[in-house]
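According to my numbering, the sequence shown holds residues 2 to 106 in order. Ideal Cβ positions, reconstructed from N, Cα and C, are used throughout, including at glycine. In this text the structure is predicted, and so the values were computed from the model without any measurement.
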Amino acid sequence: MFWGVLLVSQMKGRHRAFVLIDVAPGKEKKVLEKVLEYEEVVEAHLIPGEYDVMAVLEFELYGREIFVPVSEMVAKFVIEKIRRLSDVKDTNTILPSLSMVKKAK
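Below, the structure is given as structure tokens:
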């Protein structure tokens with residue numbers, strides 16, 4: 002029983018994921034604007050290199066189905082929303098295992 006309580010407490014909170022998006026040439030800004038329309042996307046950036054757009058997703062697990070892993074929520078969002086946008090050619094999703102944020106002074 003104790004193990005279950007520990008897992009539940011570790012699963013609660015805010016979780017982030019980073020999605021690198023490969024876009025059809027010339028459609029980068031259009032896709033950037035479209036991904037920002039989703040509630041789960043808290044930031045979006047045009048980036049140089051193999052991918053064109055980076056979306057930062059944020060999921061709040063308080064009050065949600067606690068036994069659904071965040072990785073499953075992220076995968077479902079990417080597959081059902083981002084990959085279905087026209088002009089999206091490919092995605093690569095990064096789920097951090099540990100995140101640290103500097104506090105503003």
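| said: For V89, list the residues DSSP reports as bridge partners. | reply: V24
| message | Less than 6 Å between C-beta atoms, sequence neighbours within five positions excluded: which residues of the same chain meet that for G5? | response | Confidence is the limiting factor: at G5 the pLDDT is only 38, short of 50, which leaves the residue's position unreliable, though a coordinate-based value still follows. Answer for G5: no residue qualifies.
| said: Need the endpoints of the beta strand (DSSP E) that M74 sits in, please. | reply: No beta strand (DSSP E) holds M74; the alpha helix (DSSP H) holding it covers V71 to F78.
| Under the DSSP definition of a beta bridge, which residues are partnered with E61? | R15
| field | Top-ranked residue by Cα proximity to E73, from D91, R85 and L96 | value | Comparing alpha-carbon positions, the option among D91, R85 and L96 lying closest to E73 turns out to be L96.
| field | Three-state secondary structure (DSSP) of E44 | value | strand
| task | Assign K77 to buried or exposed, taking buried as 16 or more other Cβ atoms, counted over all protein chains shown, within 10 Å of its Cβ. | result | exposed
| Rounded straight-line distance, which links the Cα of K82 to that of A45 | 15 Å
| Secondary structure of V102, DSSP reduced to three states | coil
| field | Enclosing alpha helix (DSSP H) for K35 [first to last residue] | value | E29 to V36
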